[in-house]
Amino acid sequence: MLAGPVLWAVLFSAVYALHGLGCEWGWQARPTPLGPLHPLAMRLLWLAGLAGHLALILGNHGTGRRGAALVRAGNWIGFTSSLVTLFPLVATSSCAAG
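Numbering (our numbering), first residue to last: 225 to 322.
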């Protein structure tokens, strides 16, 4: 039941940590074939986390009728939270000029 929300918390912390480190280390100015390193790294981490959420949704069903419903609900809550709360961060450039 808590796997989805725990994964959201870990992913949220990791993406925000990567955001801060990438801004500090100037990754927004480092080009890659797929665009600047900073947003690319955050998006890849976010997508990996969403894939983890989908794996939980598809594979973790709990035991019993009520247990399975609670596990499903927790997994969907985590997925939706990761999608909604991190999308603005990975979709925009927010490093302050310094």
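The C-beta atom is built at its ideal place from N, Cα and C for all residues, glycine as well.
It should be emphasised that the depicted structure is a prediction, and the values quoted were computed from it without experimental measurement.
Rounded straight-line distance, which links the Cα of residue j to that of residue i
i    : j    : result
A315 : A293 : 32 angstroms
G250 : V234 : 24 angstroms
L231 : H285 : 16 angstroms
Whether residue i touches residue j by CB criterion (7 angstroms)
i    : j    : result
S306 : H262 : no
L269 : N299 : no
Per-residue burial, residue i [other beta carbons within 10 Å of its own, 16 or more giving buried]
i    : result
V308 : exposed
A265 : buried
L310 : buried
Which of helix, strand or coil DSSP assigns to residue i
i    : result
T304 : helix
L309 : In the sequence as displayed, the identity of residue 309 is Thr instead of Leu. Helix, per DSSP.
G259 : strand
C319 : coil
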